[in-house]
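For reference, each letter of the sequence shown is one residue, going 2 to 182 in the working numbering.
For each residue, glycine too, the CB sits at the ideal point set by N, CA and C.
Keep in mind it's a predicted model, so treat the numbers as computed, not measured.
Notes for the one structure printed next.
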Amino acid sequence: MLDELEQQLRTTFGLTGNSESVRQQLCLRAKPLVNYVADRNLGLFVREAARLDEDDRDWREIIGRAVNQGIPTNQWTDLILVDFQVRVLQIAADFIRLEELVAEKNGQGNAKILRIGILDNGLEQERTIIAVQKDQEVEINFLAEKVTEFLKQNLNGNGNDRQLHLAVLAKLVVELIQQKN
Numbered sequence: 002m003l004d005e006l007e008q009q010l011r012t013t014f015g016l017t018g019n020s021e022s023v024r025q026q027l028c029l030r031a032k033p034l035v036n037y038v039a040d041r042n043l044g045l046f047v048r049e050a051a052r053l054d055e056d057d058r059d060w061r062e063i064i065g066r067a068v069n070q071g072i073p074t075n076q077w078t079d080l081i082l083v084d085f086q087v088r089v090l091q092i093a094a095d096f097i098r099l100e101e102l103v104a105e106k107n108g109q110g111n112a113k114i115l116r117i118g119i120l121d122n123g124l125e126q127e128r129t130i131i132a133v134q135k136d137q138e139v140e141i142n143f144l145a146e147k148v149t150e151f152l153k154q155n156l157n158g159n160g161n162d163r164q165l166h167l168a169v170l171a172k173l174v175v176e177l178i179q180q181k182n
């Protein structure tokens, strides 16, 4: 069961190497996030992962309990294992988003941090994190006004203008994100 749990963590978090290396990677990634977590479930996971280097117990047991509301892995049923698989996917998604935000914040001082994500019908997500410095706000506001004016000039009047404008902006955002990559 613990090997299965470890494999799920490897896949979900993109961890590589032997079991000890996976433990170290997860611990190192969690440490910078400890003071930034607001969500209770993610918070428990992050705190436990950040302390993996201080605990002699099997790290997979610690993480399994953190994800599955404290239930020891030796008491898991098939249904609880499925719960773990679902919960770890949600925790990993939240963890990675928080990791991106914290990394950007730590690199940008007091900038306003924006996380932008676009999900298409194929469930593919384009996302990025950007830092907006105070001295950029005037230019950003100017450009935003120009784009807004352009969109208003191109109304079709059929009641779908807002949706159309958002779709146009989303397409532009995806193109800009992909340029960066």
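May I ask you to verify whether the region 91-98 touches the region 38-55, counting CB pairs closer than 8 Å and requiring at least 3? yes
Range of the contiguous beta strand (DSSP E) that encloses V38: For the purposes of this step, residue 38 is identified with residue 37 of the sequence shown, where counting begins at 1. It is not in any beta strand (DSSP E) - V38 carries neither H nor E in the DSSP assignment.
Report yes if the C-beta distance between T78 and L6 is below 9 Å; otherwise report no. Taking the sequence shown and counting its residues from 1, one reaches residue 78 at position 77. Taking the sequence shown and counting its residues from 1, one reaches residue 6 at position 5. It is not a contact, given that the beta carbons lie outside the stated cut-off.
Entirely enclosed alpha helix (DSSP H) segments - the region 51-106, minimum 4 residues: 60-68
Residue range of the unbroken beta strand (DSSP E) whose run includes L191: A question about residue 191 goes unanswered here, because the residues of the chain that appear run from 2 up to 182.
Could you tell me which residues DSSP puts in a beta bridge with G18? If you number the sequence shown from 1, residue 18 lands on position 17. None, per the DSSP bridge assignment.
Have a look at A39, L99, D56 and flag the residue whose alpha-carbon is nearest the alpha-carbon of R24. The count along the sequence shown starts at 1 and reaches residue 24 at position 23. Checking every option, the nearest Cα to that of R24 belongs to D56.
Report the CB separation of E101 from R88 in whole angstroms; it is logged as a contact under 8 Å. Within the sequence shown, numbered from 1, the residue matching residue 101 stands at position 100. Within the sequence shown, numbered from 1, the residue matching residue 88 stands at position 87. That pair is no contact at about 21 Å.
Just confirm the distance between the C-beta atoms of I64 and A50, as a whole number of angstroms; I'd bet it's less than 8 Å. Residue mapping note: residue 64 aligns to position 63 of the sequence shown, counting from 1. Residue mapping note: residue 50 aligns to position 49 of the sequence shown, counting from 1. About 6 Å; that satisfies the 8 Å criterion.
Give the straight-line distance between the Cα atoms of I201 and Q76, rounded to the nearest whole angstrom. With the chain covering only 2 through 182, there is no way to say anything about residue 201.
Continuous beta strand (DSSP E) stretch holding K135: start and end: Start at 1 with the first residue of the sequence shown, and residue 135 comes out as number 134. Element bounds for K135: n/a, residue is neither H nor E.
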